[in-house]
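Protein chains in written order, with my numbering: chain E, 542 to 990; chain L, 2 to 128. As structure tokens, the structure follows; a few thoughts come after it.
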Amino acid sequence: MPYGPHTAADREAMRSALGIASVNELFADIPAPARAHGLDLPGPEAELTLTARLGSLAAHDRVDLAAFLGAGAYRHYIPPVVDQMISRGEFYTAYTPYQPEVSQGTLQAIYEYQSLLAELTGLDVVSASHYDGATATAEAALMTVRATRRERVLVSRAVHPHYAGTARTYLDGTRLALETIPTTADGTTDVVALERLLADPERPVAGVILAQPNVFGVLEPMAEAARLAHVGGALFVAVVEPVSLAVLAPPGAYGADIAAGDGQPLGIPLQYGGPYLGILAASEPLVRQVPGRLVGRTTDVDGRRAFVMTLRAREQDIRREKAASNICTNQALCALAASVYLATIGPHGLRDVAALGAARARELETALAAAGATRVHAAPYLNEFAVHVPDAPRVHAALLGHGVLAGLPLARWFPDDPVLADALLVCATEVTTSDEIEIFAWALGEVRR
Amino acid sequence: MDVREGLLYTDEHEWLRIEGDSGVVGITAYAAEELGDIVFVELPAVGTRLTRAQTFGVVESVKAVSDLFAPVAGEVVETNPALAASPELVNGDPYGEGWMVKLRLSDPAETAQLKDPAAYGEFIKAG
């Protein structure tokens with residue numbers, strides 16, 4: 542049976558009650574260039590023809606490249622059991638079920654996800670997940686504002702610019718201010734500047750946001766930044782890369798009140814930017830400021846273990862404009878993938894993944910330095926770092942011709958910074974091979990010749 | 002239903018007890034019973050200036066989340082610190098230990114617009 546919520550008569554009755562000539566009048570506030578003007582679709586084609594055409598389009602994808610691009614999304618080995626599990630009919634939905642009577646499996650899976658991420662971040666509460674790292678970071682910024690009743694958020698320049706940009710979008714049109722903390726020459730956040738920004742008694746700060754590792758790949762003085770934030774009465778938000786937490790101190794250990802990040806490295810393939818997985822974790826006193834939903838464990842009337850959605854009362858479908866956030870959903874399938882991935886490789890496996898990536902990155906640094914491309918920043922890194930390559934954008938394009946995806950020309954994201962005009966941000970993980978590193982270093986020498 | 006003498010009431014089921022130039026605010030026994038088990042009370046910062054009928058906090062029960070409205074205009078001079086750890090005090094003793102905020106009244110004449118116990122008793126009986 543086709544699902545149509547309104548009959549033609551229903552629509553006519555609503556149209557005349559509203560006193561409008563056409564439904565299009567309801568969209569008059571949307572600027573004309575932003576409106577859809579019909580879909581210009583070609584006619585139907587035979588399956589055989591279509592398959593051949595899509596196949597030839599897919600052949601344009603470069604899957605043969607030695608890839609050193611990270612910059613927020615990371616290649617990792619994904620055990621086949623992850624796809625096997627998330628493809629099961631019982632799980633194969635992105636939707637979160639409300640009815641515990643029929644959804645114990647899915648609810649338990651979300652609960653497991655929350656528990657695993659709580660362990661990884663060292664924090665007490667983890668939301669059932671958000672859209673991606675950028676939206677989770679924006680929600681974290683808003684949490685600090687609600688919890689402190691202050692209106693100013695400081696975000697490090699070395700937080701991923703897409704995350705900071707998304708937070709800026711969320712805060713746009715409100716009284717809230719988002720200000721940038723500068724960085725120093727070694728690639729880390731300028732804590733002296735942070736202290737100065739926090740010192741203005743007229744404009745108290747709600748939250749301070751730093752990333753670990755930061756967008757340049759280097760390690761930040763998180764404990765010191767957290768301490769300064771707390772002295773200023775602000776909350777501290779750590780933007781994290783989850784695999785790194787196997788070898789770096791977890792946010793809970795250095796005093797972060799909130800952790801946000803993208804869960805893509807946990808068993809979710811690189812797929813044109815999404816769908817990914819937004820991680821949001823917080824300390825217990827902030828539990829009622831956590832937007833979205835949480836799954837909790839309880840007992841049913843017969844005393845059996847049961848899983849339910851809990852603390853939902855602040856969501857938009859109940860609280861309307863007073864909701865903590867407009868998010869009323871989560872990335873259940875991606876969260877499941879993360880849970881299966883973590884459960885499969887285990888804590889030792891995750892440590893191996895992180896450590897192997899760091900070792901490969903060290904190998905990469907040595908090889909590139911020998912080819913004349915040395916590091917931009919002096920601070921320690923984990924598995925991603927920036928190197929100086931004169932004429933970086935051209936070299937980047939030329940390397941593609943040699944089958945090398947040479948990371949990201951940082952000038953794209955920091956066009957006004959002369960130091961980064963000739964910088965490539967490169968990354969290695971456990972799937973990076975010594976052969977690939979050798980090819981990169983060799984090709985770099987070739988294109989610079 | 003327990004409606005206390007000596008207090009003033011709003012249509013939103015808050016009560017106000019005048020103490021000199023200040024007033025203590027909470028929610029009525031009727032409101033607490035209607036909400037059910039209260040699990041969280043969110044209160045404003047001391048120093049917040051409220052206008053009459055402005056939202057000053059949120060009370061969350063197992064089945065609903067409701068706003069709290071200022072019965073009269075005033076500045077928050079004290080909030081009940083016990084409610085953070087023991088929100089159930091609102092159910093157990095709504096007119097006593099379950100109090101929420103203390104206001105320094107901006108305009109004591111506004112209290113004339115509130116209901117006396119008899120009028121509030123009639124109001125909740127009428128449903």
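Positions of the beta carbon are idealized from the N, C-alpha and C atoms, including for glycine. None of the values given here were measured: they were computed from a predicted structure.
| Query | Result |
| --- | --- |
| Where the segment 829–861 of chain E meets chain L: residues whose CB sits under 8 Å from a CB there | R829, A854, R855, I859 and R860 |
| Exposure of G646 of chain E, with buried meaning 16 or more beta-carbon neighbours within 10 Å | exposed |
| Top-ranked residue by Cα proximity to S670 of chain E, from E:T870, E:V928, E:R953 and E:G944 | E:T870 |
| Amino acids of chain L, ordered along the chain, whose beta-carbon sits closer than 8 Å to that of R744 of chain E | Within 8 Å Cβ-Cβ: nothing; R744 of chain E doesn't reach chain L, min ~16 Å. |
| Distance, L84 of chain L Cα to E904 of chain E Cα | 57 Å |
| Helix, strand or coil at S656 of chain E [DSSP, three-state] | helix |
| R901 of chain E burial status per 10 Å Cβ neighbour count (16 or more: buried) | buried |
| Partner residues on chain E for V66 of chain L, Cβ-Cβ distance less than 7 Å | A854, R855, I859 and R860 |
| Boundaries (first-last residue) of the alpha helix (DSSP H) holding E904 of chain E | A873 to A911 |
| At least 3 beta-carbon pairs within less than 8 Å: the segment 807–820 of chain E vs the segment 917–928 of chain E | no |
| Between the CA atoms of T678 of chain E and T907 of chain E - distance to the nearest angstrom | 34 Å |
| Neighbour-count burial assignment, N565 of chain E, 16 or more Cβ in a 10 Å radius | exposed |
| Every unbroken alpha helix (DSSP H) inside the segment 548–628 of chain E [4 residues or more] | 549–559, 588–599 and 621–627 |
| Per-residue contacts from R768 of chain E into chain L (C-beta, under 9 Å) | Per Cβ cutoff of 9 Å: no residues; R768 of chain E is ~24 Å from chain L at best. |
| Cβ-Cβ distance between P72 of chain L and L17 of chain L below 7 Å | yes |
| Cβ shell of E720 of chain E (< 7 Å), same chain only, five flanking positions each side left out | R693, L695 and L738 |
| Residue-chain proximity (R690 of chain E, chain L), Cβ-Cβ < 7 Å | yes |
| Pick from L:S107, L:F124 and L:A120 that is closest to T52 of chain L, judged by C-alpha positions | L:S107 |
| 8 Å Cβ shell around P888 of chain E - same chain, five flanking residues per side excluded | A787 |
| Chain E contact for F70 of chain L (CB, 7 Å cutoff) | no |
| Within-7 Å CB hit, F41 of chain L to chain E | yes |
| For H937 of chain E, the residue or residues it bridges with in DSSP | Looking at the DSSP assignment, H937 of chain E forms no beta bridge with any residue, so it has no partner. |
| Between the CA atoms of D798 of chain E and E15 of chain L - distance to the nearest angstrom | 34 Å |
| Cβ of A46 of chain L within 7 Å of any chain E Cβ | yes |
| Exposed unless 16 or more other CB atoms sit within 10 angstroms - verdict on M555 of chain E | exposed |
| Where P950 of chain E falls: helix, strand or coil (DSSP) | strand |
| R5 of chain L (DSSP reduced to helix, strand or coil) | coil |
| As assigned by DSSP and simplified to three states, the class of K126 of chain L | helix |
| Close beta carbons around P95 of chain L, own chain, < 7 Å, minus the five adjacent residues each side | G27, I28, T29, A30 and A33 |
| CB contact below 7 Å: V60 of chain L versus chain B | Reference to chain B is not applicable here, since the protein chains of this structure are E and L. |
| Outcome for R603 of chain E when other beta-carbon atoms lying within 10 angstroms are tallied against a minimum of 16 | exposed |
| Under 7 Å between C-beta atoms of R989 of chain E and Q830 of chain E | no |
| Rounded separation between L657 of chain E and S668 of chain E - CA only | 12 Å |
| Beta-carbon proximity check, A801 of chain E vs V772 of chain E, cutoff 7 Å | no |
| Element boundaries [alpha helix (DSSP H), containing Q857 of chain E] | Q857 to R860 |
| Distance between beta carbons of E856 of chain E and A847 of chain E, contact taken as under 8 Å | Actually they do not touch by this definition, with Cβ atoms about 21 Å apart. |
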